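Accompanying notes for the structure given below.
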Amino acid sequence: MLLEVKDINTYYGNIHALKDVSLHVDNGEIVAVIGANGAGKTTLLNTISGVLHSRTGEIVFEGRPITKLSPDKVVHLGISQVPERRQVFSTLDVLDNLLLGAYLRHGREPKEEIQKDMDFVFEIFPILKDRQKQMGGTLSGGEQQMLALGRGLMAKPQLLLLDEPSLGLAPLLVREIFRVAGELREHGTTILLVEQNARAALRLADRGYVMETGNVVLEDTSKELLGDERVQEAYLGGSGS
Ligand code: ATP
Numbered sequence: 143m144l145l146e147v148k149d150i151n152t153y154y155g156n157i158h159a160l161k162d163v164s165l166h167v168d169n170g171e172i173v174a175v176i177g178a179n180g181a182g183k184t185t186l187l188n189t190i191s192g193v194l195h196s197r198t199g200e201i202v203f204e205g206r207p208i209t210k211l212s213p214d215k216v217v218h219l220g221i222s223q224v225p226e227r228r229q230v231f232s233t234l235d236v237l238d239n240l241l242l243g244a245y246l247r248h249g250r251e252p253k254e255e256i257q258k259d260m261d262f263v264f265e266i267f268p269i270l271k272d273r274q275k276q277m278g279g280t281l282s283g284g285e286q287q288m289l290a291l292g293r294g295l296m297a298k299p300q301l302l303l304l305d306e307p308s309l310g311l312a313p314l315l316v317r318e319i320f321r322v323a324g325e326l327r328e329h330g331t332t333i334l335l336v337e338q339n340a341r342a343a344l345r346l347a348d349r350g351y352v353m354e355t356g357n358v359v360l361e362d363t364s365k366e367l368l369g370d371e372r373v374q375e376a377y378l379g380g381s382g383s
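Pasting the structure below:
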């Protein structure tokens, strides 16, 4: 097991945002967490990455407790988060945005290794190769999403946390992002994916968890969840659609 989240409770002041949440991610899997606005999905990712800390419960990564670690320590251990709403550096060009993603590797790994990953990012997102010298802030929303994902990959993480990668994207681009995520799995990257677009997420993922108001209410293989009446009614726009 790569990541295990055990009974975590996270609060914002008095607001109990995660209630005894447990889940796990195995090596090489894509796991989806679906749920409506405010269900706690982003809070979950932020608690894993150390941006927030749970009051109780435990998070274990590769057998090691990370519950109380700061975000930079968590990144060092091999967890990279691609936050909701992109957050690319608007006054840096595409190339520098990508190189920043690899900042922990500079000086520790041969340049060729970093270049290899850059080539891979350019291969999966050719538009970024064409726009290397363009400022991050002038890219379209979809291009920024690709850049944010590319930057996450440049950290060469063992676990990639993706927060709503489809947010605000046109259907074609959503398909593109999910295609890339599937390709990443084939290259051995493990992904925990948070999405409101339940159908796209479950079609891609191996397994899924459904969150409602801070609780995990369902967990199963994606196939089972896609066929589940409750999931269909609440998240897939009704049965059979
Ligand atoms: P969305 O898809 O809309 O981002 P989500 O499932 O990611 O939703 P969270 O952002 O994790 O949901 O929010 C979970 C709950 O915690 C919500 O009720 C939200 O209002 C609350 N919350 C989130 N951030 C804060 C904050 N900084 N202060 C207080 N409450 C917060």
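Numbering (our numbering), first residue to last: 143 to 383. Heads up, the beta-carbon is just placed ideally off N, CA and C, and yes, glycines get one too. Just so it is clear, the structure is predicted and the values come from calculations on it, not from any experiment.
DSSP three-state call for residue i: helix, strand or coil?
i, result
"isoleucine 208", "coil"
"leucine 346", "helix"
"glycine 382", "Residue placement at glycine 382 cannot be trusted, given a pLDDT of 49 that sits under 50; what the coordinates show is reported in the next sentence. Of the three classes helix, strand and coil, the one that applies to glycine 382 here is coil, per DSSP."
"glycine 155", "coil"
"aspartate 162", "strand"
"lysine 148", "strand"
"glycine 182", "coil"
"glycine 192", "coil"
"glutamate 285", "helix"
What residue range is occupied by the uninterrupted alpha helix (DSSP H) comprising residue i?
i, result
"arginine 372", "371-377"
"glycine 175", "In the sequence as presented, glycine is not what sits at residue 175; that position holds valine. Note, valine 175: premise wrong, no alpha helix (DSSP H); beta strand (DSSP E) at 172-177."
Just tell me which of the options has its CA closest to the CA of residue i.
i, options, result
"glutamine 287", "Ala244, Ser232, Leu246 and Lys275", "Ser232"
"glycine 170", "Lys210, Gln274, Gly192 and Arg349", "Arg349"
"aspartate 370", "Gly356, Gln274 and Tyr351", "Tyr351"
"proline 207", "Ile333, Glu325 and Leu144", "Leu144"
"glycine 330", "Ala244, Ser164, Leu367 and Gln300", "Gln300"
"threonine 209", "Lys148, Val358 and Gln338", "Lys148"
"glutamate 361", "Leu165, Tyr154, Lys161 and Glu146", "Leu165"
Using the beta-carbon count (16 or more within 10 Å), is residue i buried or exposed?
i, result
"threonine 280", "exposed"
"threonine 152", "buried"
"serine 383", "Low confidence applies to serine 383: its pLDDT is 45, below 50, so where it sits in the model is not reliable, and the reading given next is rough at best. Exposed."
"threonine 363", "exposed"
Considering residue i, what are the terminal residues of the beta strand (DSSP E) in which it resides?
i, result
"threonine 363", "357-363"
"leucine 219", "Run containing leucine 219: none in the beta strand (DSSP E); it sits in the alpha helix (DSSP H), 213-219."
"glycine 199", "198-203"
"threonine 332", "332-337"
Contained beta strand (DSSP E) runs [length at least 3] in the segment 287-329, N- to C-terminal order: 301-305
Runs of alpha helix (DSSP H) wholly within the segment 229-257 (minimum 4 residues, chain order): 236-243
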